[in-house]
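Step one of this worksheet: look at the structure below.
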Amino acid sequence: PYKFAPDEQIHIPFIMWLSPEFATSFNIDTDCLKQHSGEEYSHDNLFHSLLGMLDVQTGEYDAELDIFNRCRR
12 PYKFAPDEQI HIPFIMWLSP EFATSFNIDT DCLKQHSGEE YSHDNLFHSL
62 LGMLDVQTGE YDAELDIFNR CRR
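When you line the sequence shown up against the numbering used here, it's residues 12 to 84, in that order.
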């Protein structure tokens, strides 16, 4: 349970690498991403970020939870 979980199970690192070609293809400003790298994210962000990055059209998508949305050119 979350209440008893050690910090190592609650706060985990999120590591992302984008090739220059990938960032260009999806119009992602990597400098913008670096500026927001210290923010806290959750599993909710991962889901919506993948939907947005892959341009999946669904009512479930929430642009506010998409890590990449504010860094698109």
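Glycine residues also receive a C-beta, built at the ideal position from the N, C-alpha and C atoms.
Predicted model only: the values in this text are computed from it and were never measured.
Rounded to the nearest whole angstrom, the C-alpha separation of E71 and L65 is 14 Å. Straight across, the Cα-Cα distance linking F79 with C43 is about 9 Å. Per DSSP, the unbroken alpha helix (DSSP H) holding A34 starts and ends at 31 to 36. Annotated three-state conformation of I21 is helix, per DSSP. Here DSSP, grouped into helix, strand and coil, assigns R83 to strand.
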